[in-house]
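Taken in order, the sequence shown gives residues 235 to 423; the numbers are from the numbering used here. Backbone N, C-alpha and C fix where the C-beta goes; we use that ideal spot for every residue, glycine too. Working notes, structure below.
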Amino acid sequence: MQLTTTIHAALSTISAISALPTELVEARTSSCTPKQRLAGAQLIITSYAATEPGASAAGFLQLPLGDDCHTYINPNGGPAVPVAIDAATTRDFATSSRQAFSKVTGVFDDYKNGTTIIHTNVTLGALHAIAVPVTFYADVHLEYNLDSCLMQKLQAFATLPTVVAGIPINPPIIDQLKALSPLYKGLLG
Numbered sequence: 235m236q237l238t239t240t241i242h243a244a245l246s247t248i249s250a251i252s253a254l255p256t257e258l259v260e261a262r263t264s265s266c267t268p269k270q271r272l273a274g275a276q277l278i279i280t281s282y283a284a285t286e287p288g289a290s291a292a293g294f295l296q297l298p299l300g301d302d303c304h305t306y307i308n309p310n311g312g313p314a315v316p317v318a319i320d321a322a323t324t325r326d327f328a329t330s331s332r333q334a335f336s337k338v339t340g341v342f343d344d345y346k347n348g349t350t351i352i353h354t355n356v357t358l359g360a361l362h363a364i365a366v367p368v369t370f371y372a373d374v375h376l377e378y379n380l381d382s383c384l385m386q387k388l389q390a391f392a393t394l395p396t397v398v399a400g401i402p403i404n405p406p407i408i409d410q411l412k413a414l415s416p417l418y419k420g421l422l423g
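Here you go:
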């Protein structure tokens with residue numbers, strides 16, 4: 235009888251504890267809905283894809299960025315490279331980098347923890363119009379503050395390039411390059 239009571243009490247405790255994080259997440263996300271976070275992701279893609287003069291910059295000004303929003307790029311599995319240290323430099327980076335892209339597409343995933351991911355393909359080019367036949371893929375993680383619903387960190391995990399002249403390629407990533415280090419060790423010192 236005592237074993238049955240102990241097991242029942244343990245199961246009740248486990249049920250209560252396992253329900254707790256979900257309730258906390260649901261309570262915290264009520265002020266920052268998935269719809270709001272996805273709208274921010276869509277605004278990024280729409281702004282990068284805009285072709286009218288000034289439209290990209292105008293879109294980036296509307297992004298819900300926290301004042302201390304940082305932006306990083308992780309190229310081909312490498313370490314994070316900081317490209318912006320606050321909201322103003324994040325907008326400046328977006329506006330400047332847009333000048334090197336001719337086409338940007340994206341689909342989105344949203345998570346209850348405040349992260350929204352943009353899966354994007356970017357074709358290089360100049361001035362929104364002159365396409366260069368090079369495309370890269372990136373997963374751009376947007377981390378939202380769930381209380382303010384402002385982006386606090388943007389981090390792009392980019393694979394460069396993924397298509398050259400219409401031909402899909404599989405570029406090396408940092409871990410693959412490290413595996414080859416015994417082969418080039420003598421060449422590089």
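Worksheet item: So does the stretch 289-302 actually touch the stretch 338-347, counting three or more Cβ pairs closer than 8 Å?
Response: no
Considering only their Cβ atoms, is the gap separating L376 from G274 smaller than 8 Å?
Taking the first residue of the sequence shown as position 1, residue 274 is located at position 40. Taking the first residue of the sequence shown as position 1, residue 376 is located at position 142. Cβ atoms of G274 and L376: closer than 8 Å.
- CA-CA distance, V356 and P395? Mapped onto the sequence shown, residue 356 falls at position 122. Mapped onto the sequence shown, residue 395 falls at position 161. When rounded, the distance between both Cα atoms is 10 Å.
Could you pull out every residue in the same chain whose Cβ sits closer than 8 Å to the Cβ of Y306, ignoring the five residues on either side in sequence?
Counted from its first residue, the sequence shown places residue 306 at position 72. The answer, listed in chain order, is A314, V315, P316, V317, K387, L388, Q389, A390.
- Message: Just verifying my parser: in three-state terms, what is the DSSP assignment at A334?
- Response: Working through the sequence shown from its first residue, we reach residue 334 at position 100. Looking at A334 - three-state DSSP - the assignment turns out to be coil, as it is neither helix nor strand.
*Helix, strand or coil for L297 per DSSP?*
Here residue 297 is taken as the residue at index 63 of the sequence shown, counted from 1. Looking at L297 - three-state DSSP - the assignment turns out to be coil, as it is neither helix nor strand.
Cβ neighbour criterion (16 or more within 10 Å) applied to D344: Taking the first residue of the sequence shown as position 1, residue 344 is located at position 110. Result: buried.
Three-way DSSP call (helix, strand, coil) for I403 in this model: The count along the sequence shown starts at 1 and reaches residue 403 at position 169. Here I403 carries a coil assignment [DSSP, helix/strand/coil].
Q.
So, at 7 Å on beta carbons, what are the nonlocal neighbours of A291 in its own chain, with the 5 sequence-adjacent residues on each side left out?
A. By one-based count along the sequence shown, residue 291 stands at place 57. Excluding sequence neighbours, A291 sits near T329.
Notebook entry, point to check: For the ligand HEM, is there a heavy atom less than 7 Å away from the beta-carbon of L299?
Noted result: Ligands displayed in this structure: none; no statement on the ligand HEM is therefore possible.
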